[in-house]
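Enquirer:
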Amino acid sequence: MEQFFYYLKVSWFSIKRAPLPYALTIFILSIGLGVFFANATFYYQINSDPLPHKSDKLFFPMTLLVPYQCSDCKPPSVLSYSNVQKLSQTDIPSAKAAMYSADGYLQLNNDQPPLPVVIRITQRDFFRMFDVPLLHGNIWTDNAARFEVILSKATASKIFGKTDVVGQQLLLDDRHFTVIGVLDNWQMLPRLYDASYNNHLSPNEDIFMSLETGYDLNYLSKTSSSTFDQTDYRQLSTQGRAGALHQLQYWVQLDTEVQQQAYQQFMTNLVNDEKAAGRHPSTVNNQLVPMREIVAYFGDEPGDIKAFALVTLLFLLVCLFNASHLSLNRYLSNQYEFSLRRALGASRSQLQLQMLADVLLMTMLTIAGALLIGYAGITLMNQLLPGNRLFSNWDLTLLLALLGIVFACSYLVTIYPSIRASFGSLNQQLKE
Amino acid sequence: MSLHLLCKVLFSRKVVTTLLLVQLAMTLALLLNSILLAQQTHQQLNQPTGLDLEHTLLVQLKPTMPQLRTYPALADLLERQLAAVQTVPGVIAAAYSNQSAIRQGGNNGNIYDVEQEERTNIGSVPMYFVSKDFFKVLNVTVQQGELPQQSLSLDGPENPPVVLTRSLADKVFPGQSAIGRQVNRGPVAAVVADFYGQRSSEHVMYNSIQVAPPFSVDWGYSILLRTSAGQTQAVRQQLTGILRQVEPNIEIFHIRTLKEQHRQLYSNEYGLATLLAILSALMLLVTMVSSYSNTHFHVLKRQQEIGIKRALGASKHTILVELLSENWLCTAIGATLGIGCALALNKMLAQVISIPALNWWLPLTATLMLLCCVTIASWYPAMLATRVSPATATKTL
Chain A
449 MEQFFYYLKV
459 SWFSIKRAPL
469 PYALTIFILS
479 IGLGVFFANA
489 TFYYQINSDP
499 LPHKSDKLFF
509 PMTLLVPYQC
519 SDCKPPSVLS
529 YSNVQKLSQT
539 DIPSAKAAMY
549 SADGYLQLNN
559 DQPPLPVVIR
569 ITQRDFFRMF
579 DVPLLHGNIW
589 TDNAARFEVI
599 LSKATASKIF
609 GKTDVVGQQL
619 LLDDRHFTVI
629 GVLDNWQMLP
639 RLYDASYNNH
649 LSPNEDIFMS
659 LETGYDLNYL
669 SKTSSSTFDQ
679 TDYRQLSTQG
689 RAGALHQLQY
699 WVQLDTEVQQ
709 QAYQQFMTNL
719 VNDEKAAGRH
729 PSTVNNQLVP
739 MREIVAYFGD
749 EPGDIKAFAL
759 VTLLFLLVCL
769 FNASHLSLNR
779 YLSNQYEFSL
789 RRALGASRSQ
799 LQLQMLADVL
809 LMTMLTIAGA
819 LLIGYAGITL
829 MNQLLPGNRL
839 FSNWDLTLLL
849 ALLGIVFACS
859 YLVTIYPSIR
869 ASFGSLNQQL
879 KE
Chain B
463 MSLHLLCKVL
473 FSRKVVTTLL
483 LVQLAMTLAL
493 LLNSILLAQQ
503 THQQLNQPTG
513 LDLEHTLLVQ
523 LKPTMPQLRT
533 YPALADLLER
543 QLAAVQTVPG
553 VIAAAYSNQS
563 AIRQGGNNGN
573 IYDVEQEERT
583 NIGSVPMYFV
593 SKDFFKVLNV
603 TVQQGELPQQ
613 SLSLDGPENP
623 PVVLTRSLAD
633 KVFPGQSAIG
643 RQVNRGPVAA
653 VVADFYGQRS
663 SEHVMYNSIQ
673 VAPPFSVDWG
683 YSILLRTSAG
693 QTQAVRQQLT
703 GILRQVEPNI
713 EIFHIRTLKE
723 QHRQLYSNEY
733 GLATLLAILS
743 ALMLLVTMVS
753 SYSNTHFHVL
763 KRQQEIGIKR
773 ALGASKHTIL
783 VELLSENWLC
793 TAIGATLGIG
803 CALALNKMLA
813 QVISIPALNW
823 WLPLTATLML
833 LCCVTIASWY
843 PAMLATRVSP
853 ATATKTL
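Protein sequences appear in the order of chains A and B. Sequential numbering from 449 applies to the first sequence in my numbering. Sequential numbering from 463 applies to the second sequence in my numbering.
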């Protein structure tokens, strides 16, 4: 340990002797790593798996069960109520839930100003499939229509000032509902259950309503809905249930390979039967997309973050080359000292240990700089690309990765210069 | 000072020069692509919209009570709101619409000539259901036919007449007059000048308008106002109060000029271009640091050589030009390599974002920019080198 402190002391003296090249190296490395880290934060968070233990078991089935003829069309990214009914007529999935989101206004009573809320209109398996934690109460016992809602913890606190509000009444769009459950803190990021049109970048909903109630009360999807026939979307409870009004996401949980194959077969049979019955004219095109691939399937991966990732990686490389260059100049300037040590009996490995102490010191200073610049970068990116704001948080994995990358980069930019310096001869140095 | 000698000096420091060249090449690559992206964003933000962006205000709002979102209460609300905003001094015209112009997407659908559905079918054409002053607010000129003067219900026995923008009319009825022809949404009554509708549609200037109350306002609706020059901000400040006075049970999402709406529509591109511009500036800074340190270090190492040159009669100016020339040569080689890197980066970026291809004059501009930065950065250490006294040469004796 004493030797280690000695090495650190020597490094410190070396820095004090020529602070400018050292400061420039730290500065360049901090900029490169800070910018890289700012973007890596978004890239890592947006591409993270929100349900690592079961994301490979959740699938979004889509079929071309539509009233128009098309031989090379992708199935619509949202399903009609009647198609969901058809796709639900099997016990193969361990869980299944149709869903969509709508806007509403929530009040405790008519004296309170209405609070704009986003409603997830769904079925009971939603909570089990996506591991939604419940703080108080229960979820619906079945999928029937009911005037019962489940609130997010934040919404309960905002409306009632407390979270234990099971059994309380509230007004949603002037209709009385009873609260039967309150969720615990929950933020599924990215929100892959609603992935089209970049919706997976949005926060979770404020309130949850049963699907049948949503249709009964004519709640229209706030994100994506398409009508492929003469269905009047204002008549959701009647025409919306029977016609080709597509607005539903539908998820099934298929735990095993056998279940997945069986469900694929079920879809094929269903579509063939429908086609044979003359209920749709299109070519069969069934898709069973795993949850982790859903954003890529919809083609909604945010290009801006990807493009910036590519560029920041390039920038980091430039900074590494620059830091190596600065480091080489610094070590060559100190070659006299290295040669003198070699002449006094220090082995090359001892010089390398000295270099490691240098790297350690450089890592500490660079981390501080990179974190500062990274934080500034994230703040700036939140201003310029506010759509990704939810994905700007650091976690322990990210910070540890940063530490590892900074150490590796500091080592990389120092190793060649230090080796080269340790090979210089004292004779040559004295001549110079 | 020959090119051969300059190259010899440069490549006597192989590692340092290689590092510098790679760095210069990458800097140029990034700089070029950033400029391309910034240019594209600039073009997008300045593309013709056919609208008076500065003097048109957009209010996006929604009733918070369900009964206000259904007829007849909705019709009454729309009329009351229009009547109120029209009294504001500075308002030339006001109209409601189920959606505004200049949007990413919205309420849209297929449109086709009913006689030739297969050939003329166009998808995702915005559908506007508006009050009759809509055209006056947008200040679009009528090019053919006559604008509908009556608001007809979409639930009536006959479809309300349709107004098409020029591009759409030409697409559906190529080489023919659209007036009186029947599209799936109704008979065509007029053709108006193009204006920017929805970015996600096949062509941003494709729009179909019907003078009719909105089908539904579950997604909110827009009130559009044209204001006289210099009055826009004054009108804007009064709108919230006036609309709330008419009906307190509304949520006003935003009040914007169409210019702000346009900027909002391209905010991602603007954000990315700004980020890349900042990154390019940082890259130039890094290059300047590199050039500075490179020149400074080599001046220190070559003091004796410079001293000898000075002793042999080289002027200060010759020393300065020699050192700068080394940097210029390095930058020129790096820039040449950089053009190749820029092309590769351009192709990679084109896979994830929309970016134009590289043109011939941009590399020249970027190289000049790089040369300027390198010259500024190496000027001070080169000037220091000119102060090396010829007496330094005696140290080598």
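The beta-carbon is built from N, C-alpha and C at its ideal position, and this holds for glycine as well.
Does any residue of chain B bring its CB to less than 8 Å from the CB of residue 565 of chain A?
Expert: Output row for residue 565 of chain A: interface = no.
Enquirer: Can you name the residues of chain B whose CB is closer than 8 Å to the CB of residue 781 of chain A?
Expert: Correct list: 759 and 762.
Enquirer: Determine the burial state of residue 663 of chain B: buried for a count of at least 16 other Cβ atoms within 10 Å of its Cβ, exposed for fewer.
Expert: Per the 10 Å Cβ criterion, buried.
Enquirer: Considering Cα atoms alone, identify which of B/828, B/562 and B/521 is closest to residue 862 of chain B.
Expert: Coverage of chain B is limited to positions 463 through 859, which leaves residue 862 of chain B absent and any answer about it impossible.
Enquirer: So the alpha helix (DSSP H) residue 773 of chain A belongs to, where does it begin and stop?
Expert: Start and end: 751-781.
Enquirer: Taking all protein chains shown into account, do 16 or more other C-beta atoms lie within 10 angstroms of the C-beta of residue 668 of chain B, making it buried, or fewer, making it exposed?
Expert: With 16 or more other Cβ atoms within 10 Å, it is buried.
Enquirer: Cβ of residue 815 of chain B less than 8 Å from any chain A Cβ?
Expert: Answer yes: the Cβ-Cβ gap between residue 815 of chain B and chain A drops below 8 Å somewhere.
Enquirer: Along chain B, which residues have their Cβ under 8 Å away from the Cβ of residue 754 of chain A?
Expert: Simply 814 and 815.
Enquirer: Looking only at its own chain, which residues have a Cβ that is under 7 Å from the Cβ of residue 648 of chain B, when we skip the five neighbours before and after it?
Expert: Contacts found: 621, 622, 623, 624 and 672.
Enquirer: Looking at the strands, I want to know which residues DSSP matches up with residue 557 of chain B.
Expert: Beta-bridge pairing links residue 557 of chain B to B/686.
Enquirer: Contact criterion: CB-CB distance below 8 Å. Does residue 455 of chain A meet it with respect to chain B?
Expert: No, its Cβ sits nowhere closer than 8 Å to a Cβ of chain B.
Enquirer: When you compare the CB positions of residue 702 of chain A and residue 673 of chain A, do they come within less than 8 Å of one another, or not?
Expert: Contact flag unset, no.
Enquirer: Does residue 521 of chain A have its Cβ less than 8 Å from a Cβ in chain B?
Expert: Not closer than 8 Å to any Cβ of chain B, the Cβ of residue 521 of chain A fails to qualify, so no.
Enquirer: So with CB distances below 9 Å, who are the chain A contacts of residue 522 of chain B?
Expert: Chain A residues near residue 522 of chain B: none, gap ~13 Å exceeds 9 Å.
Enquirer: Can you list, in chain order, the stretches of the beta strand (DSSP E) that have 3 or more residues and sit fully within the stretch 607-653 of chain A?
Expert: Within the stretch 607-653 of chain A, the complete beta strand (DSSP E) runs of at least 3 residues are 617-620 and 623-631.
Enquirer: Compute the beta-carbon to beta-carbon distance between residue 603 of chain B and residue 535 of chain B, rounded to the nearest angstrom, for a pair I have assumed lies under 8 Å.
Expert: No, residue 603 of chain B and residue 535 of chain B are not in contact; Cβ-Cβ is about 35 Å, not under 8 Å.
Enquirer: Determine the closest residue to residue 852 of chain B out of B/734, B/822, B/519 and B/771, with distance taken between C-alpha atoms.
Expert: The shortest C-alpha separation from residue 852 of chain B is found at B/771.
Enquirer: So which of A/790, A/739 and A/785 has the shortest CA-CA distance to residue 461 of chain A?
Expert: The candidate whose alpha carbon is nearest that of residue 461 of chain A is A/785.
Enquirer: Are any of the Cβ atoms in chain B nearer than 8 Å to that of residue 622 of chain A?
Expert: Closer than 8 Å to some Cβ of chain B, the Cβ of residue 622 of chain A qualifies, so yes.
Enquirer: Find the residues of chain A that neighbour residue 492 of chain B, judging by a C-beta separation of less than 9 Å, and give them in chain order.
Expert: Going along chain A in sequence order, the residues near residue 492 of chain B (Cβ under 9 Å) are 759, 762, 763 and 766.
Enquirer: So which residues on chain A does residue 528 of chain B lean against when the C-beta distance must stay under 7 Å?
Expert: The answer, in chain order, is 621 and 622.
Enquirer: Which whole-angstrom value describes the C-beta separation of residue 697 of chain B and residue 705 of chain B, a residue pair presumed to lie in contact below a C-beta threshold of 8 Å?
Expert: 12 Å between Cβ atoms; not a contact.
Enquirer: Work out the CA separation of residue 644 of chain A and residue 520 of chain A for me, nearest whole Å.
Expert: Between residue 520 of chain A and residue 644 of chain A, the C-alpha separation is close to 20 Å.
Enquirer: Buried or exposed: residue 731 of chain B, going by 16 or more other Cβ atoms within 10 Å of its Cβ?
Expert: Label assigned to residue 731 of chain B: buried.
Enquirer: At the level of alpha carbons, what is the spacing between residue 696 of chain A and residue 641 of chain A?
Expert: Going from the Cα of residue 696 of chain A to the Cα of residue 641 of chain A covers about 11 Å.
Enquirer: Would you check if the distance between the CB atom of residue 862 of chain A and the CB atom of residue 812 of chain A is smaller than 8 Å?
Expert: No, the pair does not count as a contact, with Cβ atoms beyond the cut-off.
Enquirer: So the candidates are A/544, A/599, A/628 and A/472; which of them puts its Cα closest to the Cα of residue 767 of chain A?
Expert: Out of A/544, A/599, A/628 and A/472, A/472 has the C-alpha closest to the C-alpha of residue 767 of chain A.
Enquirer: In angstroms, rounded to a whole number, what distance separates the CA positions of residue 676 of chain B and residue 573 of chain A?
Expert: Approximately 37 Å, taken between the alpha carbons.
Enquirer: Spatial neighbours of residue 532 of chain A within its chain, please: CB distance less than 7 Å, with the 5 preceding and 5 following residues excluded, ordered by chain position.
Expert: Closer than 7 Å at the Cβ level, and outside the excluded window around residue 532 of chain A, lie 546, 696 and 698.
Enquirer: Just mark residue 684 of chain A as buried or exposed, buried being the case when its beta carbon has 16 or more other beta carbons within 10 Å.
Expert: Looking at its Cβ environment, which holds 16 or more other Cβ atoms inside 10 Å, residue 684 of chain A is buried.
Enquirer: Tell me the rounded alpha-carbon separation between residue 851 of chain A and residue 815 of chain A.
Expert: About 7 Å.
Enquirer: Could you compute how far the alpha carbon of residue 441 of chain B sits from the alpha carbon of residue 807 of chain A?
Expert: Given a span of 463 to 859 for chain B in the structure shown, any question on residue 441 of chain B remains unanswerable.
Enquirer: My guess is that residue 629 of chain A and residue 584 of chain A are in contact by the Cβ rule of under 8 Å, so how many angstroms apart are they, rounded?
Expert: Confirmed, Cβ separation roughly 7 Å.
Enquirer: Just to check my reading of the structure: residue 720 of chain B and residue 547 of chain B have Cβ atoms closer than 8 Å, yes? What is that Cβ distance to the nearest angstrom?
Expert: The pair is not a contact, with the Cβ atoms about 16 Å apart (cut-off 8 Å).
Enquirer: Ignoring anything shorter than 4 residues or poking outside the stretch 791-869 of chain A, list the alpha helix (DSSP H) runs there in chain order.
Expert: Complete alpha helix (DSSP H) runs here, min 4: 796-832.
Enquirer: Could you give the distance in angstroms between the alpha-carbon of residue 793 of chain B and the alpha-carbon of residue 803 of chain B?
Expert: Distance between the alpha carbons of residue 793 of chain B and residue 803 of chain B is about 15 Å.
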